[in-house]
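K.L.:
Have a look at the structure that comes next, please.
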Amino acid sequence: MHEVLFYLFAAMTLLPAVMLVCSRNTVNAAMLMIVSFVGTAALFAMLQAYLLSVLQIMVYAGAVVVLFLFIIMLLDAGRIKSFKGRIKQIIVPLAFFVALSILPVLAILSGRGGEAQVGEAVAPASSAEQFGLLLFTKYQLPFELTGFLLLAAMVGVIFISRRNVSALPKSEGKE
Amino acid sequence: MDWIDLLITLLKAVVVVVIVMTISGYSVVGERKVSSWVQGRVGPNRTTIPLLGSIPVIGKLLTRWGIFQLPADGAKFLFKEEPLPDHVNKFYYNLAPIISFLPPMIILTVLPFGQYVKDGVSSAVALTQTDVGILFVMAVSSLGVYGLILAGWAANSKFPFLGGIRASSQMISYELCIGLSLLPVFMWTGGTLDLFAVVQAQGGVLFGESFGLPKWFIFSQPLSALLYLVALFAETNRLPFDMPESETDLVGGFHTEYGAFKFGLFFVGEYAHMAIGSALFSIIFLGGWSIPFLPLSAYPEGILGAVLSVLVLAAKTIFLIFFYMWIRWTLPRFRYDQVMNLGWKILLPLAVANLVAYAIVMAFMPGL
Chain G
2 MHEVLFYLFA
12 AMTLLPAVML
22 VCSRNTVNAA
32 MLMIVSFVGT
42 AALFAMLQAY
52 LLSVLQIMVY
62 AGAVVVLFLF
72 IIMLLDAGRI
82 KSFKGRIKQI
92 IVPLAFFVAL
102 SILPVLAILS
112 GRGGEAQVGE
122 AVAPASSAEQ
132 FGLLLFTKYQ
142 LPFELTGFLL
152 LAAMVGVIFI
162 SRRNVSALPK
172 SEGKE
Chain E
221 MDWIDLLITL
231 LKAVVVVVIV
241 MTISGYSVVG
251 ERKVSSWVQG
261 RVGPNRTTIP
271 LLGSIPVIGK
281 LLTRWGIFQL
291 PADGAKFLFK
301 EEPLPDHVNK
311 FYYNLAPIIS
321 FLPPMIILTV
331 LPFGQYVKDG
341 VSSAVALTQT
351 DVGILFVMAV
361 SSLGVYGLIL
371 AGWAANSKFP
381 FLGGIRASSQ
391 MISYELCIGL
401 SLLPVFMWTG
411 GTLDLFAVVQ
421 AQGGVLFGES
431 FGLPKWFIFS
441 QPLSALLYLV
451 ALFAETNRLP
461 FDMPESETDL
471 VGGFHTEYGA
481 FKFGLFFVGE
491 YAHMAIGSAL
501 FSIIFLGGWS
511 IPFLPLSAYP
521 EGILGAVLSV
531 LVLAAKTIFL
541 IFFYMWIRWT
551 LPRFRYDQVM
561 NLGWKILLPL
571 AVANLVAYAI
581 VMAFMPGL
């Protein structure tokens, strides 16, 4: 039962992820992303990291992708043009992809990968209380730094959107 | 044994879904009745089923109360022609009603409906119990917006699109307020996110016997309750926050292009959302199944106590559903910019201030 569910959710995470990268329709891509996130959340839940799985859905599927969709629809981004004539742009990422996917295969073939560890993997901070305690004691510095990073991003967003306002003719910009 | 357990769980789920769907279905009839009372009309009072309607006294009474309206409406939605406009994106057009209908049904899995006491140990009457209860509810209900956005976008015409865009911005804005208004409650209960524990914390009397208020969070945290209630109205797209639908300026908003059973799904989904929202509000702020001034241990042991507690919660929920309709005909609807102003400039700062104030109070008065 457990194994069947694992493969089901793994497929639910990976297949949409691949389709997302290949999809040309941006709305399709966003929806596939949600399916992939939900699959990841289910995998977290199977590791008994319920808090993490719920946060995964709440933050990524519930908020971030809504904003993506919102922007896709407002800008009417529609379809991405075909890649014809842009082969050069594809070569570098493709090389990265091939290198990254060959490396683990090489590692396994050379016998240094070791046996895959299949064990009772249980997240250390499964309950919300433990999670919060760890966040405010052991991992306080990374936590605060991440907050600072987000603040910087927020200030950047405000700055960029402000500049667009001042670029308008004065009568409109003052509104 | 494994399969039998699975079967029993499935059966329980079916029972819960049937009950909640009946409540949401009858809230549609209730809405029409309440609307008609507010406006001095009679409301639906003629739909009748041939044999049942001609039972001497009861049949007439049921007909007059509009009890038969629900099967009639349901049958109408089912047997109507399913229009599929040419200009829509067929996949998402069909998917959207399902997506908007699913979240309330998923939330049902973690809602505690009552308590079952056996040998002095009380447990929740619920399909499942997790220690991240409220977070689960918020996560799943945040997915509900996709139904509306996709419906608006897939319909591929102007008014639905505007409705979808409004829906997404309204939902994002008010979700913040929901989270922030609930935080003080869960700080008060000592960090647990379990909905059952929240109800357990609300039995008894607030401030000792002399003052005499039920120990419900609506009395100890009135501002949180108000903020949550307002945000809940916005989340369920009920008037005065009916931006996504806006019958007056967007025809029907996101569901303009929908008809027959797909529209029915949106419609019933909205009422299911209302019912679940009301149940949540009663659980978190109205003490769940606690009866005023009585401790939760006053319920008798066994099945009788369980049924009683479920009935008490149902009564509170039904009152709140009525409250939704009452508000609908009491307050005029907002303009779109007013909705955004209210959300970002009034509710959000208030919620943050409320959170900080309660954090300070709880830090200095640990005995609360």
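Just so you know, the protein sequences line up as chains G and E, in that order.
If you read the first sequence in our numbering, its first letter stands for residue 2, the second for the next number, and so on.
If you read the second sequence in our numbering, its first letter stands for residue 221, the second for the next number, and so on.
All residues carry an ideal CB built from backbone N, CA and C; glycine is no exception.
Name the residue from Ile318(E), Glu395(E), Ile547(E) and Phe542(E) whose alpha carbon lies nearest to the alpha carbon of Tyr448(E).
P.N.:
Looking up residue 448(E) in the second sequence gives position 228. Selected option, being the one with the closest Cα: Glu395(E).
K.L.:
What number of angstroms, rounded off, separates the C-alpha of Glu302(E) from the C-alpha of Val405(E)?
P.N.:
Stepping through the second sequence from its first residue, residue 302(E) is reached at position 82. Stepping through the second sequence from its first residue, residue 405(E) is reached at position 185. Their Cα atoms are separated by approximately 46 Å.
K.L.:
Exposed or buried, Asn561(E), counting other C-beta atoms within 10 Å across all chains shown (16 or more means buried)?
P.N.:
Taking the second sequence and counting its residues from 1, the one referred to as residue 561(E) is at position 341. Exposed is the call here.
K.L.:
Would Ala454(E) pass as a contact of Gln390(E) if the rule is Cβ separation under 8 Å?
P.N.:
Along the second sequence, one-based indexing puts residue 454(E) at 234. Along the second sequence, one-based indexing puts residue 390(E) at 170. Contact: yes.
K.L.:
Just confirm the distance between the C-beta atoms of Ala387(E) and Val365(E), as a whole number of angstroms; I'd bet it's less than 8 Å.
P.N.:
Counting from one through the second sequence, the residue named residue 387(E) turns up at place 167. Counting from one through the second sequence, the residue named residue 365(E) turns up at place 145. Correct: roughly 6 Å between the Cβ atoms.
K.L.:
Does the contact criterion of 3 or more C-beta pairs under 8 Å hold for the region 222–229 of chain E versus the region 237–244 of chain E?
P.N.:
Verdict: no, contact absent.
K.L.:
Would you be able to state if there are at least three C-beta pairs under 8 Å between the region 541–550 of chain E and the region 251–266 of chain E?
P.N.:
Contact holds: three or more Cβ-Cβ distances are below 8 Å.
K.L.:
Closest Cβ-Cβ distance between Val93(G) and chain E: below 8 Å?
P.N.:
Numbered from its first residue, the first sequence carries residue 93(G) at position 92. With 8 Å as the cut-off, Val93(G) does not count as an interface residue toward chain E.
K.L.:
Below 8 Å, can you find three or more Cβ-Cβ pairs linking the region 492–502 of chain E to the region 321–328 of chain E?
P.N.:
The region 492–502 of chain E is in contact with the region 321–328 of chain E.
K.L.:
Report yes if the CB atom of Asp414(E) is closer than 8 Å to the CB atom of Gln349(E), and no otherwise.
P.N.:
Sequence index remark: in the second sequence, residue 414(E) carries index 194 (1-based). Sequence index remark: in the second sequence, residue 349(E) carries index 129 (1-based). Yes, Cβ-Cβ distance for Asp414(E) and Gln349(E) is below 8 Å.
K.L.:
For the beta strand (DSSP E) containing Gly597(E), name the first residue and the last one.
P.N.:
With chain E running from 221 to 588 in the structure shown, residue 597(E) is simply not present.
K.L.:
So, is the C-beta of Ala62(G) closer than 8 Å to a C-beta in chain E?
P.N.:
If you number the first sequence from 1, residue 62(G) lands on position 61. With 8 Å as the cut-off, Ala62(G) counts as an interface residue toward chain E.
K.L.:
Given 8 Å as the limit, is there contact between the region 508–522 of chain E and the region 333–346 of chain E, that is, 3 or more CB pairs closer than that?
P.N.:
Verdict: yes, contact present.
K.L.:
Against chain G, does Asp557(E) count as a neighbour if the rule is that its beta carbon must be under 8 Å from one of theirs?
P.N.:
For the purposes of this step, residue 557(E) is taken as the residue at position 337 of the second sequence. No, because no Cβ of chain G sits closer than 8 Å to the Cβ of Asp557(E).
K.L.:
What residues of chain G sit near Phe297(E), judged by a beta carbon separation below 9 Å?
P.N.:
Position 77 of the second sequence holds residue 297(E). Correct list: empty, because the minimum Cβ distance to chain G is about 27 Å.
K.L.:
Out of Leu15(G), Thr147(G) and Val67(G), state which residue places its alpha-carbon closest to the alpha-carbon of Gly367(E).
P.N.:
Indexing the second sequence from 1 puts residue 367(E) at position 147. Minimum Cα distance to Gly367(E) is reached at Val67(G).
K.L.:
Does the CB of Ile161(G) have a neighbour CB from chain E at under 8 Å?
P.N.:
What you label residue 161(G) is simply residue 160 of the first sequence in a count that begins at 1. Taking Cβ atoms only, chain E never reaches closer than 8 Å to Ile161(G), which makes this a no.
K.L.:
With respect to the beta strand (DSSP E) encompassing Val345(E), which residues constitute its N-terminal and C-terminal limits?
P.N.:
By one-based count along the second sequence, residue 345(E) stands at place 125. Looking at the DSSP string, the run of the beta strand (DSSP E) that includes Val345(E) is Val341 to Val345.
K.L.:
Give the secondary structure of Pro442(E) by DSSP, where H, G and I count as helix, E and B as strand, and everything else as coil.
P.N.:
Here residue 442(E) corresponds to residue number 222 of the second sequence, with the count starting at 1. Three-state DSSP puts Pro442(E) in a helix.
K.L.:
Within 10 angstroms of its Cβ, does Cys23(G) collect 16 or more other Cβ (buried), or is it exposed?
P.N.:
If you number the first sequence from 1, residue 23(G) lands on position 22. Exposed: under 16 other Cβ atoms inside 10 Å.
K.L.:
Under a Cβ-count criterion, where at least 16 other Cβ atoms within 10 Å of its own Cβ denotes burial, should Tyr578(E) be classed as buried or exposed?
P.N.:
Along the second sequence, read from residue 1 onward, the residue named residue 578(E) stands at position 358. Answer is buried; the Cβ neighbour count reaches 16.
K.L.:
Roughly how many angstroms lie between the CA atoms of Trp223(E) and Ala233(E), to the nearest whole one?
P.N.:
Taking the first residue of the second sequence as 1, we reach residue 223(E) at position 3. Taking the first residue of the second sequence as 1, we reach residue 233(E) at position 13. Straight-line Cα distance between these residues: approximately 15 Å.
K.L.:
Label Val418(E) either buried or exposed according to how many other C-beta atoms from any shown protein chain fall within 10 Å of its C-beta, with 16 as the threshold for buried.
P.N.:
Your numbering for residue 418(E) matches position 198 in the second sequence. So Val418(E) ends up on the buried side.
K.L.:
Which parts of the region 248–329 of chain E are runs of the beta strand (DSSP E), unbroken and 3 residues or longer, counting only runs that do not cross its ends?
P.N.:
Taking only runs of at least 3 residues, no beta strand (DSSP E) segment lies wholly in the region 248–329 of chain E.
K.L.:
Does chain G have any CB closer than 8 Å to the CB of Thr537(E)?
P.N.:
Counted from its first residue, the second sequence places residue 537(E) at position 317. Chain G contact via Cβ: absent.
K.L.:
What's the call for Tyr246(E), buried or exposed, on a 16-neighbour Cβ count within 10 Å?
P.N.:
Reading the second sequence from its first residue, position 26 is the one you call residue 246(E). Counting Cβ neighbours within 10 Å, Tyr246(E) comes out buried, since at least 16 surround it.
K.L.:
Would you call Thr147(G) buried or exposed, if buried means 16 or more other Cβ atoms sit within 10 Å of its Cβ?
P.N.:
The residue you call residue 147(G) lines up with position 146 of the first sequence. By the 10 Å Cβ count, Thr147(G) comes out exposed.
K.L.:
Quick check: the region 473–480 of chain E against the region 302–321 of chain E, are at least 3 beta-carbon pairs closer than 8 Å?
P.N.:
With the cut-off at 8 Å, the region 302–321 of chain E and the region 473–480 of chain E touch.
K.L.:
If Leu506(E) sits next to Trp436(E), beta carbons under 8 Å apart, how far is it from one beta carbon to the other, in whole angstroms?
P.N.:
What you label residue 506(E) is simply residue 286 of the second sequence in a count that begins at 1. What you label residue 436(E) is simply residue 216 of the second sequence in a count that begins at 1. Yes, Leu506(E) and Trp436(E) are in contact; Cβ-Cβ is about 6 Å, under 8 Å.
K.L.:
Span of the alpha helix (DSSP H) holding Asn457(E)?
P.N.:
The residue labelled residue 457(E) in the question sits at position 237 within the second sequence. Segment: none, Asn457(E) is in no alpha helix (DSSP H) and carries neither H nor E.
K.L.:
Quick check on the DSSP output: the alpha helix (DSSP H) that includes Val65(G) runs from which residue to which?
P.N.:
Translated into positions along the first sequence, residue 65(G) becomes position 64. It is not in any alpha helix (DSSP H) - Val65(G) carries neither H nor E in the DSSP assignment.
K.L.:
Specify whether the region 350–358 of chain E and the region 54–62 of chain G touch according to this definition: at least 3 beta carbon pairs, one from each stretch, less than 8 Å apart.
P.N.:
Yes: the two stretches touch, three or more of their Cβ pairs being nearer than 8 Å.
K.L.:
Using a 10 Å radius around the Cβ and a threshold of 16 neighbouring Cβ atoms, would you call Gly174(G) buried or exposed?
P.N.:
For the purposes of this step, residue 174(G) is taken as residue 173 along the first sequence, with counting starting at 1. With a pLDDT of 42 at Gly174(G), under the threshold of 50, the modelled position of that residue is not reliable, and no figure is offered here.
K.L.:
Are the beta-carbon atoms of Pro291(E) and Lys482(E) separated by less than 8 Å?
P.N.:
One-based indexing of the second sequence puts residue 291(E) at position 71. One-based indexing of the second sequence puts residue 482(E) at position 262. No, the pair does not count as a contact, with Cβ atoms beyond the cut-off.
K.L.:
Does Ser362(E) get closer than 8 Å to chain G when you measure Cβ to Cβ?
P.N.:
For the purposes of this step, residue 362(E) is identified with residue 142 of the second sequence, where counting begins at 1. Chain G, which has a Cβ nearer than 8 Å to the Cβ of Ser362(E), makes this yes.
K.L.:
Is there a Cβ of chain E sitting closer than 8 Å to that of Phe71(G), yes or no?
P.N.:
In the first sequence, residue 71(G) corresponds to position 70, counting from 1. Taking Cβ atoms only, chain E reaches closer than 8 Å to Phe71(G), which makes this a yes.
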